[in-house]
Amino acid sequence: MAASARLDNVLRYHRGMTAGHVESYFWRANDPNSRRAFWLKATILARRGRQPATADIWCCTFDGVTGAIWGDRQTLAFDETRFEGAPLEIEIGQNRFILDPANGRASGSLTNSKGSCTWDMSWAPTASSLSDALSIFPFRWMLHTSLPRSKTVTPHPVLEFSGEMKWSGHTISIDGWHGMQGHNWGVEHTPRYAWGQCIFFDGQRPTCMVEGFSGRIRIGGKLTPPISAMVIRHQGEEYRFNTLIDLWNQETDMTYPNWTLTMKNKQASATLTMMANPDEMICLGYLNPNGVLNYCLNSKLADTRLKITPKNGQTLEFYTGFGGALEFLTPDNPGFENII
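If you want it as structure tokens, here you go:
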């Protein structure tokens with residue numbers, strides 16, 4: 027499915043946009059054997075009107091073993107960066123990403139007064155249908171319409187990483203770490219949401235993947251009730267709970283720092299429960315094209331439980347104590363002193 031991943035990573039921003047635009051490419055991966063994870067992100071922000079666009083490189087490291095949670099970002103004028111090529115190549119300062127669908131690569135570093143991170147890594151999709159490019163929306167044409175105002179695809183739901191990172195001087199091998207790569211864009215960030223993704227293992231082999239969201243979008247100046255979607259893949263089966271407006275078959279609780287989502291369709295019912303520790307989270311400042319700042323509360327060490335009950339078949343249950351990626355977007359900072 028390299029062609030699908032390549033198309034899903036095509037840059038949506040172009041110079042001259044005046045209605046506002048945000049776009050991001052992000053990677054995350056977890057150590058399968060301990061409470062360690064990283065998150066990398068390259069973003070574009072074009073404010074409304076004719077203000078010059080900017081680009082950011084973000085990096086967060088989550089060390090639940092030592093308790094060292096660190097993050098940083100660097101902002102440059104978009105014209106000083108490079109987003110081009112097929113496959114896409116991104117250069118922001120000394121940081122580089124090559125989005126080859128068969129063998130991606132990244133290198134770079136960030137440093138601030140609280141620590142540093144240097145990385146030199148590669149990644150490749152695993153040889154299973156878990157890794158096929160994913161659109162969580164019910165129809166792909168929704169990626170090309172005015173609503174929803176924020177679009178999301180997952181070109182690589184399951185990746186295996188290799189290489190090396192240095193977290194504040196400590197060398198970390200990421201050989202055998204697993205994670206994913208996503209791509210988001212739109213005229214604004216979704217005003218309120220919880221988003222989660224998790225890969226479950228049978229020994230050292232990925233056996234199940236789940237991705238979902240619950241979000242409140244703005245229509246006519248008012249926020250809707252939470253609208254949710256979830257996709258689960260397991261042993262060649264795909265369970266898609268993404269009717270979106272079918273509020274009778276979805277129930278969610280987005281009370282930070284936990285998120286629970288239960289969904290039903292004709293095929294099955296499923297419940298995803300994710301719990302994060304605020305002491306192991308990072309607060310990120312997400313600026314909208316209209317100048318409004320939102321706060322992204324980011325965990326890559328979430329306790330995650332998934333239960334699937336097919337209409338015809340046995341109940342399936344999966345669990346990891348630290349392998350979940352969980353994010354909340356909120357207009358309020360719940361008390362983080364440091365905002366990246």
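One gets our numbering by counting positions in the sequence shown from 1 and adding 26 to each. We treat Cβ as the ideally placed atom computed from N, Cα and C, and that holds for glycine.
The beta carbon of Arg-331 lies closer than 6 Å to those of Thr-299, Tyr-345 in the same chain, with the five residues before and after it left out. When the five nearest sequence neighbours on each side are left out, the beta carbons in the same chain lying within less than 6 Å of the beta carbon of Arg-266 are those of Val-257, in order along the chain. Partner residues in the beta bridge of Asn-121, as assigned by DSSP, are Ile-118.
Here His-40 carries a coil assignment [DSSP, helix/strand/coil]. Residue burial annotation: Lys-292 is exposed, with fewer than 16 other C-beta atoms found within 10 angstroms of its C-beta.
No Cβ-Cβ contact shorter than 9 Å links Thr-278 with Gln-223.
By the neighbour-count criterion, in which a residue is buried when 16 or more other Cβ atoms sit within 10 angstroms of its Cβ, Arg-41 is exposed. Between Ala-302 and the set Gly-317, Asn-284, Pro-315, the nearest pair of CA atoms involves Asn-284. Contact annotation, Phe-88 with Leu-327: C-beta distance approximately 5 Å; criterion of less than 8 Å satisfied. Ranking Ile-83, Leu-342, Phe-123, Asn-359 by CA distance to the CA of Tyr-282 puts Asn-359 first. For His-47, the three-state secondary structure derived from DSSP is strand. Look at Pro-232 here: in three-state DSSP terms it is strand.
Residue pairing of Val-257 in beta bridges, as defined by DSSP: Glu-237, Arg-266.
Residue environment analysis places Gly-317 among the exposed positions, since fewer than 16 neighbouring C-beta atoms fall within 10 angstroms of its C-beta. Below 8 Å, too few C-beta pairs join the region 166-178 and the region 147-156 to call them touching: fewer than three.
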